[in-house]
Amino acid sequence: MTVVGVAVDVVRLRPGPDPLPLPRYMTNSAAGMDLFADVPADVLLGPGERRLVPTGLALAIPAGFEGQVRPRSGLAQRDGVTVLNAPGTIDADYRGEVQVLLVNLGTAPVAVRRGDRIAQLVIAPVVRAGLREVAALAPSARGAGGFGSTGTGEGR
1 MTVVGVAVDV VRLRPGPDPL PLPRYMTNSA AGMDLFADVP ADVLLGPGER RLVPTGLALA
61 IPAGFEGQVR PRSGLAQRDG VTVLNAPGTI DADYRGEVQV LLVNLGTAPV AVRRGDRIAQ
121 LVIAPVVRAG LREVAALAPS ARGAGGFGST GTGEGR
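Per this note's numbering, residue 1 is the first one in the sequence shown, and the count goes up by one each step.
And the structure:
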């Protein structure tokens with residue numbers, strides 16, 4: 001049973017005789033829909049190289065929501081390829097092509113082919129905050145402790 005929480009309009013930017021599937025959830029409980037590479041020819045990502053990979057889609061995400069472009073764990077584990085600015089944000093007012101900024105963190109070149117699943121798309125609600133300038137912040141137990149400050153030194 002598929003539950004739809006919000007409808008997102010999608011346009012195929014390069015329709016043709018052999019269209020790629022629309023993003024879809026691969027299991028009933030999946031949080032993200034797979035995005036597919038819409039490239040006319042293989043894209044070779046050398047070690048350390050990054051590249052924008054088109055999906056061939058434009059979205060109209062409703063106000064109050066965003067699209068989050070996230071890495072696929074299998075691609076990262078198998079090839080060392082991940083989304084560089086993860087999660088990438090697709091704002092509700094953006095109507096251009098969704099592209100995925102991939103980076104090869106592995107040691108060997110990786111080919112990205114048409115139809116490869118390259119990322120996940122999560123549609124999530126957004127809360128807009130209002131900033132209120134104050135002279136000082138209320139104290140907290142953590143205070144100004146930064147990176148690693150909440151650990152006890154065990155299990156690092």
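Note that beta-carbon positions come from the ideal geometry of N, C-alpha and C, so glycine has one too.
In this structure, V110 keeps its C-beta atom at 8 Å or more from the C-beta atom of L84.
Between R12 and L57, the CB-CB gap stays under 8 Å.
For F36, DSSP records a beta bridge to R117. Bounds of the alpha helix (DSSP H) holding G74 are 73 to 79. Among the bridge pairs identified by DSSP, T89 is matched with Q68. The bridge partners DSSP lists for A60 are D9. Between the alpha carbons of L137 and L131 lies a gap of roughly 13 Å.
Secondary structure of T55 (DSSP, three-state): strand.
DSSP places L101 inside the beta strand (DSSP E), whose first and last residues are 97 to 104.
Membership of L44 in the beta strand (DSSP E) is indicated by the continuous run 43 to 45. Cβ-Cβ separation between V6 and P87: approximately 18 Å, too far for a contact (criterion under 8 Å).
Rounded to the nearest angstrom, the gap between the Cα atoms of A76 and L22 is 22 Å.
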